[in-house]
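Peer 1: Next up is a structure, given as structure tokens.
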Ligand code: NDP
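Residue numbers (our numbering): 498 to 976.
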């Protein structure tokens, strides 16, 4: 398997060098080779997208829809193959990865259906004989920069709405998901997308991503990744007066109140904290427990964590696999070391594989830190959760909101009034009751408050607002 560029309808090997990708579950296994691009490849891709724009934007929405439906069918037919490749490339357990590919198929079908839906509204004019209406039109060439943690779903939830709105795309995937990106681009190629409508440019973020944001002739950027990079992207886009959306980090809390049903709360907290080895922007990384149930909660949580199966991403028994890469392993391990020296251990899970075979991190729950401690404030993006305690509802909400992030938050309670007050008070873009902090569905808006996002939303109908602009039209046809 090779990751290369798909530009102007042609597959081509860029000249920026190449490197071998090893399976994070089994480091001795080679998965494929990634060929990296240079700035000139990005400029060429943006030019190809610019040339393809009039034809694509001018196509009837139903015809754009047909191509997205075709891509959905092809992805569904290749679901297992794509899921296995992604699991081998970035370590997501195969069951979760298959679910992600199905989400990709659903997203393609959801946005395909938009090809025959209304794109505006009629607004009464004050003058007789005037038809006044709005019409959503494409932005132009859109740059899409995606992370490695959802290597299929995130690119599709950006590109499908961009394409159905009539934009053309230059896509820069994460370095650690470039092989999967090539398989996804192949799906669009085989669906018959016209040359230049979607262009894939693989390579280093600091070269390819930076060139896309800073130098390429694009009208907008959609980015998901770290807060540091996202803020840089936003600054450059603002300087170029380009439309942008940045989906960045989270430090999501699950608040467990004294009246919670622990048979609901425990599996949801475990899933939120440890699925995908905690590498989700919506992962639960702070568990805020009302003091009166601290002991039974901790006992039940510890028992559940000890049961977790940590193994090879392709082993169907695996609940959490390795973290995605060496850099991710070093980063997570530095937080684990900090937790060992500055916090109290609640429970640590077991590995069912030898730690030397891959980038495995044992699931870990700690407590004993202040709400302002680094472990309770910084995004770890690994299988490490910390427990904070609260005297009651008000203090739990205060702890929940004591973060610069505002992506998602959950509360576990059987009290309707407290549930509703939490939905009002939690400073997060996605707020859930008796459900884990991750798992927002594709047809609903996704995004955060505060430093988690650029105050825009992805998915659902909200994505159509980002990938289009409104024209207000007026026609005098005679009184
Ligand atoms: P980055 O923010 O660096 O990467 C996200 C995307 O941006 C990748 O495609 C990356 O390319 C690209 N990129 C990197 N530098 C630039 C740049 N200067 N200009 C434009 N694009 C750029 O995140 P990492 O993958 O390095 O992960 C680091 C941390 O970020 C994680 O540990 C986690 O905390 C957080 N993260 C959060 C995510 C989320 O969903 N909120 C997703 C992924 C990471 P390349 O991969 O080639 O560097």
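Quick reminder that beta carbons are idealized off the backbone N, C-alpha and C, glycines included.
So, at 7 Å on beta carbons, what are the nonlocal neighbours of residue 724 in its own chain, with the 5 sequence-adjacent residues on each side left out?
Peer 2: If you number the chain shown from 1, residue 724 lands on position 227. 745, 746, 948.
Peer 1: I need the straight-line Cα distance from residue 542 to residue 719, nearest angstrom please.
Peer 2: Counting from 1 along the chain shown, the entry for residue 542 is found at position 45. Counting from 1 along the chain shown, the entry for residue 719 is found at position 222. The straight-line gap from Cα to Cα measures roughly 16 Å.
Peer 1: Span of the beta strand (DSSP E) holding residue 741?
Peer 2: Translated into the one-based positions of the chain shown, residue 741 becomes position 244. 740-744 is the extent of the beta strand (DSSP E) around residue 741.
Peer 1: Using only the alpha-carbon positions, how far apart do residue 857 and residue 807 sit?
Peer 2: Taking the first residue of the chain shown as position 1, residue 857 is located at position 360. Taking the first residue of the chain shown as position 1, residue 807 is located at position 310. Approximately 8 Å between the Cα atoms of the pair.
Peer 1: How close, in whole Å, do the beta carbons of residue 835 and residue 871 come, if the pair is a contact with beta carbons under 8 Å?
Peer 2: Here residue 835 refers to the residue found at position 338 of the chain shown. Here residue 871 refers to the residue found at position 374 of the chain shown. Their Cβ separation, rounded to whole angstroms, is 7 Å, which keeps residue 835 and residue 871 in contact under 8 Å.
Peer 1: Quick one: is residue 561 buried, meaning 16 or more other Cβ sit within 10 Å of its Cβ, or exposed?
Peer 2: Walking along the chain shown from the start, residue 561 turns up at place 64. So residue 561 ends up on the buried side.
Peer 1: Would you list the one or two residues that DSSP bridges to residue 749?
Peer 2: As a first step, residue 749 must be located in the chain shown, where it is residue number 252. Partner(s): 781.
Peer 1: First and last residue of the alpha helix (DSSP H) that includes residue 898?
Peer 2: In the chain shown, the residue the question calls residue 898 occupies position 401. Element bounds for residue 898: 890-898.
Peer 1: Considering only DSSP beta bridges, list what residue 845 is partnered with.
Peer 2: In the chain shown, the residue the question calls residue 845 occupies position 348. In the DSSP output, where bridge partners are listed per residue, residue 845 has 861.
Peer 1: Can you tell which of 631, 905, 548, 621 has its C-alpha closest to the C-alpha of residue 778?
Peer 2: The residue given as residue 778 occupies position 281 in the chain shown. Of the candidates 631, 905, 548, 621, the one whose C-alpha sits nearest the C-alpha of residue 778 is 905.
Peer 1: What's the gap between the Cα of residue 966 and the Cα of residue 793?
Peer 2: Along the chain shown, one-based indexing puts residue 966 at 469. Along the chain shown, one-based indexing puts residue 793 at 296. Going by the C-alpha atoms only, they are around 53 Å apart.
Peer 1: Could you compute how far the alpha carbon of residue 826 sits from the alpha carbon of residue 860?
Peer 2: Indexing the chain shown from 1 puts residue 826 at position 329. Indexing the chain shown from 1 puts residue 860 at position 363. In a straight line, the C-alpha of residue 826 is about 13 Å away from that of residue 860.
Peer 1: On the three-state DSSP scale, how would you describe residue 628?
Peer 2: Walking along the chain shown from the start, residue 628 turns up at place 131. Reduced to three states, the DSSP call for residue 628 is strand.
Peer 1: Throw me the rounded Cβ distance for the residue 762 and residue 909 pair, which I believe falls under 8 Å.
Peer 2: The residue you call residue 762 lines up with position 265 of the chain shown. The residue you call residue 909 lines up with position 412 of the chain shown. About 4 Å separates the two Cβ atoms, so the contact holds.
Peer 1: State whether the segment 515-524 contacts the segment 641-649, with contact taken as three or more CB pairs (one from each stretch) at a distance under 8 Å.
Peer 2: Touching, no, given that fewer than three Cβ pairs across the two stretches are closer than 8 Å.
Peer 1: Put residue 669 into one of helix, strand or coil per three-state DSSP.
Peer 2: The residue labelled residue 669 in the question sits at position 172 within the chain shown. Reduced to three states, the DSSP call for residue 669 is strand.
Peer 1: Suppose the cutoff is 8 Å on Cβ atoms and the five residues either side in sequence are ignored; what does the same chain contact list for residue 510 look like?
Peer 2: Reading the chain shown from its first residue, position 13 is the one you call residue 510. Closer than 8 Å at Cβ, skipping near neighbours: 499, 501, 502, 532.
Peer 1: Within the chosen definition, does the segment 537-552 reach the segment 632-641 through at least 3 CB pairs nearer than 8 Å?
Peer 2: These segments touch.
Peer 1: Tell me whether residue 740 counts as near the ligand NDP, meaning its Cβ is closer than 7 Å to at least one heavy atom of that ligand.
Peer 2: Taking the first residue of the chain shown as 1, we reach residue 740 at position 243. Checking the Cβ of residue 740 against the ligand NDP gives no.
Peer 1: Taking 7 Å as the line, does the beta carbon of residue 726 fall inside it for any heavy atom of the ligand NDP?
Peer 2: As a working mapping, residue 726 is identified with position 229 in the chain shown. Yes, since a heavy atom of the ligand NDP falls inside the 7 Å radius drawn around the Cβ of residue 726.
Peer 1: Rank 959, 781, 895, 820 by C-alpha distance to the C-alpha of residue 655 and give the top, closest one.
Peer 2: For the purposes of this step, residue 655 is taken as residue 158 along the chain shown, with counting starting at 1. Of 959, 781, 895, 820, the residue nearest in Cα terms is 959.
Peer 1: Considering only residues of the segment 583-621, which uninterrupted alpha helix (DSSP H) runs meet the minimum length of 4 residues and lie entirely inside it, listed in chain order?
Peer 2: DSSP runs (the alpha helix (DSSP H)) wholly in the segment 583-621: 591-610.
Peer 1: If we count the other Cβ atoms within 10 Å of its Cβ and call it buried at 16 or more, is residue 517 buried or exposed?
Peer 2: Residue numbering aside, residue 517 sits at position 20 when the chain shown is read from its first letter. Flag for residue 517 reads exposed.
Peer 1: So what does DSSP say about residue 713, is it helix, strand or coil?
Peer 2: Along the chain shown, read from residue 1 onward, the residue named residue 713 stands at position 216. Looking at residue 713 - three-state DSSP - the assignment turns out to be coil, as it is neither helix nor strand.
Peer 1: Mark residue 696 as exposed unless 16 or more other C-beta atoms lie within 10 angstroms of its C-beta, in which case mark it buried.
Peer 2: The sequence position of residue 696 within the chain shown is 199, counting from 1. Buried, by the Cβ-count rule.
Peer 1: Using a Cβ-Cβ cut-off of 7 Å (strictly less than) and excluding sequence neighbours within five positions of residue 607, which residues of its own chain qualify?
Peer 2: By 1-based counting over the chain shown, the position of residue 607 is 110. Excluding sequence neighbours, residue 607 sits near 939, 940.
Peer 1: Can you round the beta-carbon distance between residue 882 and residue 770 to whole angstroms, since I take them to be within the 8 Å contact cut?
Peer 2: Residue numbering aside, residue 882 sits at position 385 when the chain shown is read from its first letter. Residue numbering aside, residue 770 sits at position 273 when the chain shown is read from its first letter. With a Cβ gap of about 4 Å, residue 882 and residue 770 count as contacting.
Peer 1: Tell me whether residue 473 sits in a helix, a strand or coil according to DSSP, three-state version.
Peer 2: No statement about residue 473 is possible, as the shown extent of the chain runs from 498 to 976 and does not include it.
Peer 1: Is the distance from the Cβ of residue 922 to the Cβ of residue 788 below 8 Å?
Peer 2: Mapped onto the chain shown, residue 922 falls at position 425. Mapped onto the chain shown, residue 788 falls at position 291. Cβ distance not < 8 Å, so residue 922 and residue 788 don't count as in contact.
Peer 1: At 3 residues or longer, what runs of the beta strand (DSSP E) sit wholly inside the segment 498-545?
Peer 2: Counting whole runs of 3 or more residues, the segment 498-545 contains the beta strand (DSSP E) stretches 502-504, 507-509, 515-520, 523-532.
Peer 1: Between residue 817 and residue 590, which are expected to be in contact by the criterion C-beta below 8 Å, what is the C-beta distance as a whole number of angstroms?
Peer 2: Here residue 817 refers to the residue found at position 320 of the chain shown. Here residue 590 refers to the residue found at position 93 of the chain shown. Indeed they touch by this definition, with Cβ atoms about 7 Å apart.
Peer 1: Where does residue 933 land, buried or exposed, given buried means 16+ other C-beta within 10 angstroms?
Peer 2: In the chain shown, counting from the first residue as 1, residue 933 sits at position 436. The residue is buried, with at least 16 neighbouring Cβ atoms inside 10 Å.
Peer 1: According to DSSP, is residue 907 helix, strand or coil?
Peer 2: Walking along the chain shown from the start, residue 907 turns up at place 410. Reduced to three states, the DSSP call for residue 907 is strand.
Peer 1: Thinking just about the alpha-carbon of each residue, which of 748, 712, 753 is nearest to the one in residue 736?
Peer 2: The count along the chain shown starts at 1 and reaches residue 736 at position 239. Per the Cα distances, 712.
Peer 1: Using a Cβ distance threshold of 8 Å, determine whether the segment 604-623 contacts the segment 575-595, with at least three qualifying pairs required.
Peer 2: Not touching, per the Cβ criterion.
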